Amino acid sequence: MAIVDFIVHRYNYLTAIVLMMIGLYIVISRGNLVKKIVGLNIFQTSVFIYYISIGKIFGGTAPIIIGGHGEEHAEPAAEDSALSTIDDQSAAIEDRIAALELAEGPHAPPQGSPQPEQTLGDALRAPPAGEAPPPVASLHADPRELPDTGSVKPAPEDPFVIAPPSTNDSMVAIPPPGTPDSYSIVPPEHVADALHHAAGVVYSNPLPHVLILTAIVVGVATTAVGLAIAVRIREAYGTVEEDELEAADDISEFGEDYAKMQEASA
Amino acid sequence: MTHFLAQLPVLPVIIPFIAGALAVLMPKGRPAWAWATFFSWLTFFACAAVLNEVATNGVISYHLGDWAPPIGIEYRIDLANALVLTLVSGVAAVVFPFAYESVRTEVDERQTPFFYAAMLICLTGMLGVTITGDAFNVFVFLEIASLSSYALVAMGGRSDRRALTSAFTYLVMGTIGATFFVIGLGLLYQATGTLNMADLHAKLVASEHPRVVEAGFAFILVGIGLKLAMFPMHLWLPNAYTYAPSVVSAFIAATSTKVAVYVLVRFLYTIFGLDFAFFNAIFTYVLLPLGLIGMFVASIVAVFQEDVKRMLAYSSVAQIGYMLLGLSFATTKGLTAALVHLLNHGLMKGALFMSVACVVLRLSEHRCRAFDGLATRMPLTTWAFILSGLSLIGVPGTVGFISKWYLVEASFEAGKAWAAFLVVASSLIALIYIGRIIELMVMRDPPATGAMAAPIREAPWSMLIPMWILVAANIYFGVQTDITAGLASDAAAALMRGGR
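Protein sequence lines correspond, in order, to chains A and B. Take the first sequence: its position 198, counted from the start at 1, is 198 in the working numbering, and no numbers get skipped. Take the second sequence: its position 244, counted from the start at 1, is 244 in the working numbering, and no numbers get skipped.
In structure tokens:
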């Protein structure tokens, strides 16, 4: 049945929504301050799950470059596993970078790539952070010229088929972090071909991972501050139940008679 | 020197950040305060230099760590940014020297290093939200500012334990808002694959997933609406502003909601752009009615408050309503009015809360009965309150008049003349609640018996001078509007053009 398929194939979004609503309900309905914080945590967990699910690339491995880029003959993964020490591995990476420099031919940037002078090897070799800062005038960027090499196009949506979670295939379109001023986005199909041909490895996109970690840290900090305030409230009021706190606050605000009036009418 | 100047755009964030981290190590009391004040002044100079740079040379684009956008985080500073930066750091530069005496009475001396550290980190967060050109970076800095605000509000627990419950409510609501914001960001990221603001704009326009984008926008609007105290989501604000330490009220009231309004402007105009089809509906059916309801309901509630800080807090909710009204017109004049009011309201509320802080210092009370006959007992404080109160009402010669003028002009230009009448009507309600306090201060006799009858002196000079600087700014920028209104209209024009 199409509807059941529709629901089942989007289980990740449904999980996030259910958790979100459970968390919010707990925050609103539970009067104990600690339970409210727990509800907030569940609410935030739904966000983590949502981010994880949209960042998932099936068959993707950890986003750590396996042994350098582009070996026209060897399988990098196989060779890497044979090297046990860090020195050996870095030597192997150097070798591969040298091989890449020499073997410009098969690894010349694909047609239409707007990165003419930069090889991946260069990029790996010379981190840009060491350059002298530009003079003040260059603080002011020219009006940004947007690349016309085509934006990242997510796969067309057939509503009753699972959309590949990696609709942000931006992983393959993103130039490696070492390339300064290369703002342009390479068409995904070219770079994907080059990378797949060269390394045969599919990496997960590290950016959602980073976003989730940030959100987790923020959530932990919020929980800590919230619980610290709850501890102080316990010291000051003698309770962490919301209705008792409200009653105490009403007494402070309006006096004892008001509290008695409230009780009489309740 | 060139190296230093090349890094200018990151200084407004780095200076208070490192100073805040190190403030914890300062000896308690005066050294902690002096450390915080010195670095708040440095930050203000950095922000003024940035504003000068942007006003003369155009948009600044700074790549954090030299990583190129859209992968790297970019600080993109145009006029709108730079003005809000200057406002926030300017308010900080005035409030921090003001804080010494007030904090000495309200915060335990052993906690002062942490207090000033939290203030500096709050400043960092707000400046970071304003300066960044990366959408997720906004969330990070927003949470930095919010978490330190929760702690700062809770510091008022020593004077009144209701500060603790207020801080807890603020925390819960603020976190829900921020989490909605991050969900919206996730939806936008899923639709486009990028987080850089300029890149988002390019990709959102061409997006093939309009419903994901709309859902993302809805979440972001609700999340940011909570942070800026848009009408139904303002419930955290009155308690938080009332029971926080006086200095914290002055600082946060003048800055935090303004920064959230700036974020809304940035999302509406730079990231999404006015071309989005559903924006017409959002402006007409969400921002406009909620702005109007906020203006009236909050003003009317303010009239009946016994506690002056709570009255000013409800007044803040009403003033946010004005800014949303200006935004909802979707015209350059409307946007200018919103930005001008953003700047001016920071000045007005800062001065008002600072004068209440002076009263609290001397009388330990911020309810109406503390203001009886204040004109004879604390004349300078009284006149500071009166002048900034008149500014809030919108009397000609003050900044409040300038922002009301721009709002009325924008209403007429947008074809909504009835909105102009409503703006004036709610200013009359402001006249009532400010007028009440002025009447108490000027016309009543000072209390003859009771705890507050003891003779008191005027507030100390360390508090009077910064407060009067802000009051003078209220008057000066009400007459000489080149910097506030002039730059704000340039900023609005740039934003309407799609920003660059």
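Where is the CB? At the ideal position from N, CA and C, for every residue including glycine. Please read all numbers here as calculations on a predicted model, not as lab measurements.
Answer yes or no: does any C-beta atom of chain A fall closer than 7 Å to that of residue i?
i, result
"B/L487", "no"
"B/G225", "no"
"B/R162", "yes"
"B/I300", "no"
"B/V172", "yes"
"B/G184", "no"
"B/A330", "no"
"B/Y150", "yes"
"B/L147", "yes"
"B/A154", "yes"
"B/F168", "yes"
"B/E74", "no"
"B/E106", "no"
"B/Q305", "no"
"B/T165", "yes"
Are the beta-carbon atoms of residue i and residue j separated by less than 7 Å?
i, j, result
"B/M467", "B/A384", "yes"
"B/A302", "B/S316", "no"
"B/F401", "B/S328", "no"
"B/L195", "B/V212", "no"
"B/L343", "B/L87", "yes"
"B/M155", "B/P245", "yes"
"B/A491", "B/A80", "yes"
"B/V221", "B/A229", "Residue 221 of chain B is actually Leu in this sequence, not Val. In this structure, B/A229 does not lie closer than 7 Å to B/L221 by Cβ."
"B/V259", "B/T175", "no"
"A/V18", "A/A215", "no"
"B/P69", "B/A46", "no"
"B/G373", "B/R457", "no"
"B/I475", "B/S427", "no"
Any idea which residues DSSP pairs residue i with across the strands?
i, result
"B/Y62", "B/Y75"
"B/R367", "B/D307"
"B/E409", "B/E409 is not bridged to any residue."
"A/E241", "A/N32"
"B/D134", "B/N196"
"A/Y203", "A/T61"
What does the alpha-carbon distance come out to for the pair residue i and residue j?
i, j, result
"A/K36", "A/I28", "7 Å"
"B/F44", "B/F96", "12 Å"
"B/A178", "A/I212", "14 Å"
"B/S148", "B/S355", "24 Å"
"B/F219", "B/T381", "43 Å"
"A/Y25", "A/Y50", "19 Å"
"B/M126", "B/F180", "19 Å"
"B/A493", "B/A82", "15 Å"
"B/K404", "B/T270", "25 Å"
"B/L390", "B/T398", "8 Å"
"B/S462", "B/I469", "12 Å"
"B/F168", "A/V225", "9 Å"
"B/M26", "B/P113", "6 Å"
"B/S299", "B/T257", "17 Å"
"B/P16", "A/N41", "30 Å"
"A/Y11", "A/D5", "10 Å"
"B/W41", "A/A236", "36 Å"
"A/P110", "A/Y203", "In this prediction, A/P110 has a pLDDT of 39, which is less than 50 and means its spatial position is unreliable; what the coordinates show is noted afterwards. Cα-Cα distance, rounded: 20 Å."
"B/K227", "B/V297", "19 Å"
"B/S146", "A/G200", "45 Å"
Taking CB distances under 7 Å as the criterion, tell me whether residue i reaches chain B.
i, result
"A/Y11", "no"
"A/S166", "Unreliable positioning characterises A/S166 in this predicted model, as indicated by a pLDDT of 41, which lies under 50. A coordinate reading is not provided."
"A/L227", "no"
"A/L245", "yes"
"A/D250", "no"
"A/L14", "no"
"A/L40", "yes"
"A/D88", "With a pLDDT of only 49 at A/D88, under the threshold of 50, the placement of this residue in the model should not be trusted; the figure read from the coordinates follows. It does not: the Cβ of A/D88 has no partner Cβ on chain B nearer than 7 Å."
"A/V218", "yes"
"A/I66", "no"
Would you grab the beta carbon distance between residue i and residue j for me? Rounded to a whole angstrom, and I think it's under 8 Å.
i, j, result
"B/P9", "B/I77", "6 Å"
"B/V107", "B/F115", "5 Å"
"A/V34", "A/V220", "Actually they are not in contact, since the Cβ atoms of A/V34 and A/V220 sit about 16 Å apart, beyond 8 Å."
"B/M197", "B/G133", "5 Å"
"B/L185", "B/T192", "Contact flag wrong, Cβ pair sits at about 11 Å."
"B/V286", "B/I437", "Not quite, the Cβ-Cβ distance comes to about 33 Å (not below 8 Å), so this is no contact."
Check whether the Cβ of residue i sits closer than 6 Å to any heavy atom of the ligand ZN, and report yes or no.
i, result
"B/G350", "The ligand ZN is absent from the structure shown, which contains no ligand whatsoever."
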